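Per full-length UniProt numbering: the sequence shown = residues 1 to 412. No residue lacks a Cβ here, since even glycine has one placed at the ideal position from N, Cα and C. Given the structure is predicted, the values throughout are model-derived calculations rather than measurements.
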Amino acid sequence: MKYINEIEKMGFAKLTPIQTEIINNFNNKRNLVGVAPTGTGKTHAYLIPLIGNIDVTKDEVQAIIIVPTNELVNQVKRMVEPLSENIKIKSYDSKIDKGREIAWLDKYQPQLVISTPERLIDLSNNGLKINTSKYFVLDEADMMFDESFLKQIDLIIGRVSTAKFLLFSATITENMHMFIKKYFGVYDLIDTSKDHKLKIEHRLVKASLDNRIDTLNDLLRVLNPYLAIIFVSKKEDQTKIFDLLLDKGLSVTQLSSSLNQHQRKRVINDIIDLKYQYVVASDLAARGLDFDVSHVINYDLPYKLEFFKHRSGRTGRMEKEGIVITIVDNNDRNKVKRLEEMGFKFNEYRISSSEMIILSKEPKNKITNDELNAMKRIPKPKKVKPNYRKKNGDIVKSAKREVRRKNYAKNR
Numbered sequence: 001m002k003y004i005n006e007i008e009k010m011g012f013a014k015l016t017p018i019q020t021e022i023i024n025n026f027n028n029k030r031n032l033v034g035v036a037p038t039g040t041g042k043t044h045a046y047l048i049p050l051i052g053n054i055d056v057t058k059d060e061v062q063a064i065i066i067v068p069t070n071e072l073v074n075q076v077k078r079m080v081e082p083l084s085e086n087i088k089i090k091s092y093d094s095k096i097d098k099g100r101e102i103a104w105l106d107k108y109q110p111q112l113v114i115s116t117p118e119r120l121i122d123l124s125n126n127g128l129k130i131n132t133s134k135y136f137v138l139d140e141a142d143m144m145f146d147e148s149f150l151k152q153i154d155l156i157i158g159r160v161s162t163a164k165f166l167l168f169s170a171t172i173t174e175n176m177h178m179f180i181k182k183y184f185g186v187y188d189l190i191d192t193s194k195d196h197k198l199k200i201e202h203r204l205v206k207a208s209l210d211n212r213i214d215t216l217n218d219l220l221r222v223l224n225p226y227l228a229i230i231f232v233s234k235k236e237d238q239t240k241i242f243d244l245l246l247d248k249g250l251s252v253t254q255l256s257s258s259l260n261q262h263q264r265k266r267v268i269n270d271i272i273d274l275k276y277q278y279v280v281a282s283d284l285a286a287r288g289l290d291f292d293v294s295h296v297i298n299y300d301l302p303y304k305l306e307f308f309k310h311r312s313g314r315t316g317r318m319e320k321e322g323i324v325i326t327i328v329d330n331n332d333r334n335k336v337k338r339l340e341e342m343g344f345k346f347n348e349y350r351i352s353s354s355e356m357i358i359l360s361k362e363p364k365n366k367i368t369n370d371e372l373n374a375m376k377r378i379p380k381p382k383k384v385k386p387n388y389r390k391k392n393g394d395i396v397k398s399a400k401r402e403v404r405r406k407n408y409a410k411n412r
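And the structure:
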């Protein structure tokens, strides 16, 4: 297998579908777009072959990884360190000492750069020579495609035009389609979304229009999560829910845009150390977080439905089981329908005094059209004899079994 040394260093017993496909196709000359659900190992998918292609004898920038947040810069750095004993790595976020970094760049150049777009532009104007880069990676790309990020990325791409471009994302939005068409030319698309069997159950809990917070209160009474993230769209609701959990004596913290970088880093470290059981967060504040979460609770649906996939991807990571609970009311019916069209399957639940009770579930043994036609062909007796219902049921079961046997034989 390619990059066996790098894979062994990571201690992987088994590669995920996206990792297998990216590793096998990394050295193709074409640019590359990788799509897979959150939590399926996309970052390691490109890190393993990327590190294997860096020439440690060349003192120049050879690879650039762009991510949207400071946390992701540090997260990717932690992931790459076990692979990169002899490689000069620089990670650039908003907290670096710019003067010291410029002085270092006057003498040396890193071989691998991990950065936010803004910081990369700043340092490339002050001694960082990114034009030598062979690889340019956009990770968590669907989080970067708003207007301000696009302007920054446009500027960077003009300086690394000879590099191989790689883009990784959980989804491909319309803005991303336009960007890929503009910059990637002929490229390989590797989409393993359907190959990843996520062990996530999506639960819907209905609330009336004016008692969503009461429904959340009932939910908190019956849950005992390992760690739960409660996603809330409106800032005023975030504060209200945070206060509710505090008043209930629950172990809770809040990730909001009002935290400065030092506070945010401390809160995230405390979450990783399991000092809290609940985290109240907005979509933007939770971007790129990577820690084990047993439950995701959607107090409401996100304004942009593509964020629902990101919310859900906080749990069920790397083949672990997860539960996503979404509180909805009558105004959410169209959004739920659109999510179902996007492939999400929901089970409806109600909350009793002590547990969540399922109301509806997609049947496991759905009757196929072939089975239905076989059942229709069973002749009905002119006279109904004693024990007819049981005998007829046995005939129906036999007809269904016969169809399934034939289909099994056909597909072997």
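P49 sits buried, since 16 or more C-beta atoms from the chains shown fall within 10 Å of its C-beta. About 6 Å separates the CB atoms of V33 and I180; that is less than 8 Å, so the two are in contact. Between D195 and P82, the beta carbon gap of about 26 Å keeps them out of contact (Cβ cut-off 8 Å). In the three-state reduction of the DSSP assignment, K206 falls in the strand class. DSSP places I213 within a helical segment (H, G or I) once states are collapsed to three.
The C-beta separation of L255 from V267 comes to about 6 Å, placing the pair in contact by the 8 Å criterion.
For K248, the CB contacts under 7 Å within the same chain, skipping 5 residues up- and downstream, are L220 in chain order.
Of the residues assessed, G158 falls on the exposed side of the cut-off, its CB having fewer than 16 other CB atoms within 10 angstroms. For N74 and I96, the gap between their C-alpha atoms comes out near 12 Å. In the DSSP assignment, A103 falls outside any beta strand (DSSP E) and lies within the alpha helix (DSSP H) extending over K98 to L105. The Cβ atoms of A163 and K129 lie no closer than 7 Å to each other. According to the DSSP secondary-structure assignment, D292 is paired through a beta bridge with no residue. Selection T239, K58 and S115 evaluated against Q152 yields S115 as nearest (Cα-Cα). A distance below 7 Å between beta-carbons, with the five flanking residues on each side excluded, links P225 to the following residues of its chain, in chain order: Q277, S294 and H295. Runs of the alpha helix (DSSP H) lying entirely within the segment 272-338, each at least 4 residues long, are 306-312 in chain order. Judged by DSSP secondary structure, V113 falls within the beta strand (DSSP E) whose first and last residues are L112 to S115. Here R30 really is in contact with V186; their C-beta atoms are around 6 Å apart, less than 8 Å.
Out of R333, L246 and I190, the CA that lies nearest to the CA of N24 is found in I190. Uninterrupted beta strand (DSSP E) stretches at least 3 residues long and entirely within the segment 149-204 occur at 164-169 and 187-191, given in chain order. By a beta-carbon distance limit of 8 Å, V35 does not contact S124. Their separation comes to about 28 Å.
Sequence-distant Cβ neighbours of R317 in its own chain, meaning closer than 6 Å and more than five residues away, are G39. At least 7 Å separates the beta-carbon of I22 from that of I54.
Around the beta carbon of D142, a 10 Å sphere encloses 16 or more other beta carbons of the protein chains shown; the residue is thus reported as buried.
Shown here for I102: same chain residues with a beta carbon closer than 7 Å to its own, the five before and five after excluded, namely N126 and G127 in chain order. Rounded to whole angstroms, the Cβ separation of Q19 and G52 is 13 Å, and the two are not in contact under 8 Å. Shown here, I229 sits in a strand according to DSSP, grouped into three states. The residue from T57, D93, P302 and I64 with its alpha-carbon nearest to that of N70 is D93. Looking at the DSSP output, F346 shares a beta bridge with H202.
The residue among D154, K240, E340 and I172 with its C-alpha nearest the C-alpha of Y299 is K240. When the five nearest sequence neighbours on each side are left out, the beta carbons in the same chain lying within less than 6 Å of the beta carbon of Q111 are those of I54, Q62, I87 and K88, in order along the chain.
In the three-state scheme derived from DSSP, where H, G and I count as helix and E and B as strand, Y92 is classed as strand. Note on geometry: alpha-carbon atoms of K199 and E319 lie some 6 Å from one another.
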